[in-house]
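Read the structure below first, then the notes.
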Amino acid sequence: MSDPQGARRGTGWLYGGGIVLVLAAAVMAVVLFARQRAQVQASTQQLATEQQKGLTVEVATAHKVAGSDTLRLIGEAHPFQTAVLYAKVSGYLKNISVDKGDAVRANQRVAVIESPETDKQYQAAVADAHNKELIATRAATLVSKGIISLQQADQAEADAAVSEANLEQIGTLKSYEQLRAPFSGTVTARYADPGALIQNAENSQTSALPLVELSETGRLRIYVYVDQARAAFVRLGDTVTILDHAHPGTKVEGRVTRTSGEIDPKTRTLLVEIDVANPHNRILAGSFVQAELKMQMPPCVEVPSDALIVHGDRTLVAVVTPDNTVKFTQVVVADQTGESARLLTGLTEGDRVARNLGDRVAEGSKVQPVMRPGS
Numbered sequence: 000m001s002d003p004q005g006a007r008r009g010t011g012w013l014y015g016g017g018i019v020l021v022l023a024a025a026v027m028a029v030v031l032f033a034r035q036r037a038q039v040q041a042s043t044q045q046l047a048t049e050q051q052k053g054l055t056v057e058v059a060t061a062h063k064v065a066g067s068d069t070l071r072l073i074g075e076a077h078p079f080q081t082a083v084l085y086a087k088v089s090g091y092l093k094n095i096s097v098d099k100g101d102a103v104r105a106n107q108r109v110a111v112i113e114s115p116e117t118d119k120q121y122q123a124a125v126a127d128a129h130n131k132e133l134i135a136t137r138a139a140t141l142v143s144k145g146i147i148s149l150q151q152a153d154q155a156e157a158d159a160a161v162s163e164a165n166l167e168q169i170g171t172l173k174s175y176e177q178l179r180a181p182f183s184g185t186v187t188a189r190y191a192d193p194g195a196l197i198q199n200a201e202n203s204q205t206s207a208l209p210l211v212e213l214s215e216t217g218r219l220r221i222y223v224y225v226d227q228a229r230a231a232f233v234r235l236g237d238t239v240t241i242l243d244h245a246h247p248g249t250k251v252e253g254r255v256t257r258t259s260g261e262i263d264p265k266t267r268t269l270l271v272e273i274d275v276a277n278p279h280n281r282i283l284a285g286s287f288v289q290a291e292l293k294m295q296m297p298p299c300v301e302v303p304s305d306a307l308i309v310h311g312d313r314t315l316v317a318v319v320t321p322d323n324t325v326k327f328t329q330v331v332v333a334d335q336t337g338e339s340a341r342l343l344t345g346l347t348e349g350d351r352v353a354r355n356l357g358d359r360v361a362e363g364s365k366v367q368p369v370m371r372p373g374s
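Note that numbering that gives the first Met the number 0 has the sequence shown beginning at 0, numbered continuously upward.
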């Protein structure tokens with residue numbers, strides 16, 4: 000026979016244990032919730048603190064460097080002087096004694112033009128001058144004897160002088176039948192062959208046929224174009240080294256000879272000319288060369304290249320102030336390599352600049368600067 004009282008005691012223990020378990024679970028849930036809430040609050044507070052401090056950025060210190068600069072530019076080699084030779088008399092090309100690549104001396108005859116009309120005019124002028132001279136001589140004899148008046152003798156003498164001047168003029172015109180080199184150089188082009196009809200270029204420049212083109216290549220003019228930021232520091236006499244990649248190891252020393260004196264409004268560059276000797280024609284006129292221009296510039300401030308921020312036509316640098324605030328400053332770049340940039344204006348020595356910042360931070364934002372070792 001079962002014991003009802005014992006059964007009731009077992010059921011009570013069972014209920015009591017269940018209540019204890021429920022209470023323990025509730026307490027554990029409350030503890031876990033409180034702990035999780037505390038962690039969330041701590042994370043939120045830490046995030047807010049980090050946001051107040053700002054983004055972590057790498058910075059470098061701007062430092063001053065020497066003012067001298069070697070500017071490497073692509074240059075164009077031009078002949079020292081060039082002339083396209085035209086005829087000044089009309090006729091037929093009788094002969095041409097030079098061809099492309101020939102070296103000529105100053106005043107050397109390069110072509111002869113056959114002009115029968117000019118020859119006849121010269122012969123007539125010679126005969127007229129001789130006749131007028133005889134008349135003037137006879138008039139001088141007759142006036143001394145009183146046979147003719149002094150006025151008639153003076154007129155004869157004047158006619159002789161005019162005739163002589165006309166002979167000299169036509170003689171000069173006849174001399175143009177021989178085309179001569181105006182300077183020593185090399186024939187770079189030949190445009191006509193014997194038998195070609197040659198027009199007087201003085202009266203028909205647009206339709207006249209040129210005969211030859213002559214260039215002085217024993218000396219060269221090297222043209223380089225210096226950008227606006229450096230143009231103000233180019234000085235006459237600055238040392239320039241010319242390198243020709245066609246002849247590795249060959250260097251030609253020269254100096255800045257002249258400049259255009261103004262910035263080209265289209266390219267914003269200054270034309271700089273360097274005269275160099277080229278006695279053996281090692282540098283071909285018309286070729287590209289490399290020019291190393293040594294300039295004296297004011298002391299510059301150097302920063303890493305990754306500190307530059309380009310916005311349109313402006314170049315900026317993010318300066319980190321002593322209170323770790325970002326301030327964007329416009330700068331003028333003097334020179335730039337893959338690692339560093341030299342600035343003419345905008346920064347002072349000791350300024351901290353942010354690296355690889357881009358557009359992540361706005362003006363006036365707080366940042367946490369981190370200095371790279373050795374920066």
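We put the beta carbon where it would ideally sit given N, CA and C, even for glycine. Owing to the predicted nature of the structure, the values given are computational and were not obtained by experimental measurement.
Residue Gln120 holds the alpha-carbon nearest to the alpha-carbon of Gln168 among Arg354, Gln120, Gly217, Ser304. Contact between the region 226–238 and the region 282–294 is established, with three or more Cβ pairs separated by less than 8 Å. The C-alpha of Ala138 is placed about 12 Å away from the C-alpha of Asn130. Residue environment analysis places Tyr91 among the exposed positions, since fewer than 16 neighbouring C-beta atoms fall within 10 angstroms of its C-beta. DSSP, reduced to helix, strand and coil, places Thr266 outside both helices and strands of the structure shown, so it counts as coil. In the DSSP assignment, the residues bridged to Pro368 are Val56. Take the alpha-carbon of Val271 and the one of Ala76: they are about 12 Å apart. Here Gln80 carries a strand assignment [DSSP, helix/strand/coil]. A distance of 8 Å or more separates the beta carbons of Phe327 and Glu301.
In this structure, the CA atom of Asn106 is about 54 Å from the CA atom of Ala340. Counting C-beta pairs with one atom in each stretch, the region 315–335 and the region 53–70 have three or more that are closer than 8 Å, which means they touch. With respect to Glu215, Gly184 sits close: the two C-beta atoms are nearer than 8 Å. Collapsing the DSSP output to three states places Thr171 in a helix. CA-CA distance, Asp358 to Arg229, rounds to 29 Å.
Non-local C-beta neighbours of Ala124 in its own chain, meaning closer than 6 Å and more than five positions away in sequence, comprise Asn165, Leu166, Ile169, ordered along the chain. In this structure, Ser304 and Gly337 form a Cβ contact; the two beta carbons are roughly 6 Å apart against a cut-off of 8 Å. When secondary structure is reduced to three states using DSSP, Ser67 falls in the strand class. Cα atoms of Ile112 and Ser96: separation of roughly 12 Å, rounded to the nearest angstrom.
DSSP, read as helix, strand or coil, puts Thr256 in strand.
Ala191 has its alpha-carbon roughly 29 Å from the corresponding atom of Arg281. When DSSP states are grouped into helix, strand and coil, Asn94 belongs to the strand group. Rounded to the nearest angstrom, the gap between the Cα atoms of Arg220 and Asp274 is 5 Å. Separation of Ala28 and Ile18 (C-alpha to C-alpha, rounded to the nearest whole angstrom) is 15 Å.
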